[in-house]
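Remarks on the structure that follows.
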Amino acid sequence: MSTSIAPTPGIQPVGHRPVPVVVAGILDRGARAEAALKAFLERWSIAALRVSLGAVFVAFGVLKFFPGVSPMDELVQSTWAALSFGLVTGYAALVVTAVMETAAGLLLISGKFARAGLVVLALCFVGILSPVVLFPAELVTETGPSLTGQYIAKNVVLIAAALVIASKALRGRTAR
1 MSTSIAPTPG
11 IQPVGHRPVP
21 VVVAGILDRG
31 ARAEAALKAF
41 LERWSIAALR
51 VSLGAVFVAF
61 GVLKFFPGVS
71 PMDELVQSTW
81 AALSFGLVTG
91 YAALVVTAVM
101 ETAAGLLLIS
111 GKFARAGLVV
121 LALCFVGILS
131 PVVLFPAELV
141 TETGPSLTGQ
151 YIAKNVVLIA
161 AALVIASKAL
171 RGRTAR
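Taking the UniProt record's numbering, the leading residue of the sequence shown gets 1, the next gets one more, and so forth.
This is the structure in structure tokens:
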């Protein structure tokens, strides 16, 4: 067990040199700049994440209103057909997905309705991730993930972003 001896005032421990005033000033300015950056990030980063996630969903949602424009049209249609037991197919599947994704994005962008947007987004994520269970053979090739598989895998980042936004948007007490 080691013991620590309090330094005697005015005497520096062996091997320690006093920090020059110039270096101390630079370190102090650096600490203040870091604190200012932290305050800025705490104030704006969640809002920026919310708006950018909303913009991504608006952009990809709008594409689905126009058949043949989104590279995921076939996957969306086959996923809806499987999830709805054949009740929602073809263009109707694209329109439902387009409405949900666009609405989720607009609700997130608005800020005031972010919680509602997160609920719609959660429903979208169920559909987005369903091919992992429904069509696993389409997601992986002999050499690795297919383009469709990669498209679905990147949604892990979008889900993480939604969770961060939810941590700020949801009300209620935090359990401690």
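No residue lacks a Cβ here, since even glycine has one placed at the ideal position from N, Cα and C.
Residue i (DSSP reduced to helix, strand or coil)
i	result
residue 141	strand
residue 170	coil
residue 154	coil
residue 54	helix
residue 107	helix
residue 127	helix
residue 148	helix
residue 89	coil
residue 67	coil
residue 38	helix
residue 60	helix
residue 20	coil
residue 72	coil
residue 78	helix
residue 45	helix
Minimum C-alpha distance to residue i - residue among the options
i	options	result
residue 161	147, 140, 36, 50	50
residue 154	143, 142, 132	132
residue 121	148, 36, 56	56
residue 183	60, 108, 21, 95	With the chain covering only 1 through 176, there is no way to say anything about residue 183.
residue 100	86, 21, 58, 163	58
residue 73	130, 98, 110	98
residue 134	81, 141, 21	81
residue 163	108, 140, 138, 22	108
residue 156	142, 124, 137, 141	124
residue 159	118, 138, 139, 140	118
Classification of residue i by the beta-carbon crowding that lies within 10 angstroms, buried from 16 upward
i	result
residue 24	exposed
residue 126	exposed
residue 76	buried
residue 104	buried
residue 86	exposed
residue 54	buried
residue 128	buried
residue 26	exposed
residue 214	With the chain covering only 1 through 176, there is no way to say anything about residue 214.
- Contact the stretch 156-170 vs the stretch 107-125: 3+ CB pairs below 8 Å: Touching, yes, given that three or more Cβ pairs across the two stretches are closer than 8 Å.
- Message: Contact between the stretch 26-36 and the stretch 62-74 is defined here as three or more beta-carbon pairs at a separation below 8 Å; is this criterion met?
- Response: With the cut-off at 8 Å, the stretch 26-36 and the stretch 62-74 do not touch.
- Message: So, does the stretch 131-150 touch the stretch 89-96, judging by three or more C-beta pairs under 8 Å?
- Response: Judged by Cβ distances under 8 Å, the stretch 131-150 makes no contact with the stretch 89-96, as fewer than three pairs qualify.
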